[in-house]
Amino acid sequence: MALVWFVLVNRNADRLESADCTELPADTLVIEFLSVIVDPMKHDNPHLRGVPVRKLKVYNNWEEYSDPLRENLRADTTITGRGENIANAIIVKVPHVWYQLVCPRSSSVLADTVINWVPLASDYSVRDLRNAVSAQEASFCWDSQLGYST
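So for the sequence shown, our numbering puts the first residue at 1005; every next one is plus one.
Have a look at this one:
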């Protein structure tokens, strides 16, 4: 067993949090590593909730992530020798789209909402974004926020 260090980043290469680690066997595959870090029972991380494993991209380190000619690691690659310390942490690119709900008439932020995110890959459409937001906000009572009574 070995500690594997990783950093979550968004599509703009901004860190979503500081480096984190998980303990895994040395011969673990990338797909198994991803399955562990998205599983809330093994590694609870709010940035990974609801994100399908197949939408995450894994890079060996910052240098390879920053090189536009380098491809992400394949799912069947082992993590042996990767992420051995914070300086050489594995980079995991998380496909999120951030949003905040606003009133369509006044453009003011709706009072009881906060900035939130939905997992969304670049190959999704605007309809997929709408469906994802609707799914997350299904319990939100629009009438009370807009001043209507039911």
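Heads up, the beta-carbon is just placed ideally off N, CA and C, and yes, glycines get one too.
With a CB to CB cut of under 6 Å and the five nearest residues on each side skipped, what residues in its chain are close to N1092?
N1065, listed in sequence order.
Note down, in chain order, each residue of its chain lying with its Cβ closer than 7 Å to the Cβ of G1087, except the 5 sequence neighbours on either side.
The answer, listed in chain order, is V1008, W1009, F1010, A1093, I1094.
A1091 - DSSP class collapsed to helix/strand/coil
A1091 falls in the helix class under three-state DSSP.
Among V1096, V1106, G1054, which residue has its Cα nearest to the Cα of N1016?
The shortest Cα separation from N1016 among V1096, V1106, G1054 belongs to V1096.
With DSSP as the reference, label S1148 as helix, strand or coil.
The pLDDT assigned to S1148 is 42, lower than 50, so where the model puts this residue is not dependable; a value taken from the coordinates is nonetheless given after this. Reduced to three states, the DSSP call for S1148 is helix.
Look at the alpha carbon of T1081 and the alpha carbon of S1022, and state the distance between them as a whole number of angstroms.
CA-to-CA, the gap between T1081 and S1022 works out to about 24 Å.
Near N1089, which residues of its chain fall below 7 Å by C-beta distance, leaving aside the five closest residues on each side in sequence?
Closer than 7 Å at Cβ, skipping near neighbours: W1009.
Closest Cα partner of P1099 within the set M1045, A1006, V1013
With distances taken between Cα atoms, P1099 lies closest to V1013.
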